[in-house]
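Trainee: Please find one structure pasted underneath; my questions will follow.
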Amino acid sequence: MPLVELNVSTSSRGDHAVVTATGELDLYTAPRLQTALAAVLRDQAGRVVVDLSGVEFCDSTGMNVLLAAMKRLKEQGGAFELAAPRPAVRRILQVTGLDGVFTITDALPAPGTG
Numbered sequence: 014m015p016l017v018e019l020n021v022s023t024s025s026r027g028d029h030a031v032v033t034a035t036g037e038l039d040l041y042t043a044p045r046l047q048t049a050l051a052a053v054l055r056d057q058a059g060r061v062v063v064d065l066s067g068v069e070f071c072d073s074t075g076m077n078v079l080l081a082a083m084k085r086l087k088e089q090g091g092a093f094e095l096a097a098p099r100p101a102v103r104r105i106l107q108v109t110g111l112d113g114v115f116t117i118t119d120a121l122p123a124p125g126t127g
């Protein structure tokens, strides 16, 4: 079975940080996202958008990483959003009821909006 990687990058866009993940988010790759989110939360207490448009799969470990980051950011008075989840990831959010917990947008916010 080929090893599926998760690539994570971060960028700052005006009033918010964007964390972009591509690949599969699971037990083995979730620590990579967790590390990136922890760094962003240290540096930016405002608004964080996680771009999920390139994530093909997400398991409970991945969801827990996202939940923990959202909780921490909200405790700091910030806002946490998930942007453009693919149908498979959106389905997981719906089945678990997390679509009512997370702020989910269909697209990334334009630079400078917020």
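Letter by letter, the sequence shown follows residues 14 to 127 in our numbering. For each residue, glycine too, the CB sits at the ideal point set by N, CA and C.
According to DSSP, simplified to helix, strand and coil, what is L50?
Mentor: Here L50 sits in helix by DSSP.
Trainee: Based on the DSSP secondary-structure assignment, which residues constitute the bridge partners of R26?
Mentor: Beta-bridge analysis with DSSP links R26 to H29.
Trainee: For the putative contact between L106 and F115, defined by C-beta atoms under 8 Å, what is the C-beta separation to the nearest angstrom?
Mentor: 7 Å
Trainee: Grab the span of the beta strand (DSSP E) containing V62 for me, first residue to last.
Mentor: 60 to 71
Trainee: Since I believe V68 is in contact with T118 (beta carbons under 8 Å), could you give me their beta-carbon distance rounded to a whole number of angstroms?
Mentor: With a Cβ gap of about 15 Å, T118 and V68 do not count as contacting.
Trainee: Which term fits A120, buried or exposed, when burial requires 16 or more other beta carbons within 10 angstroms of its beta carbon?
Mentor: exposed
Trainee: Identify the residues that DSSP records as bridge partners of E37: which are they?
Mentor: F70
Trainee: Just mark R60 as buried or exposed, buried being the case when its beta carbon has 16 or more other beta carbons within 10 Å.
Mentor: buried
Trainee: Compare the Cα-Cα distances from F70 to each of V62, R26, A43 and report the closest residue.
Mentor: A43
Trainee: Return the Cβ separation of A49 and V21 in integer angstroms, given the expectation that the two are a contact with Cβ distance under 8 Å.
Mentor: 4 Å
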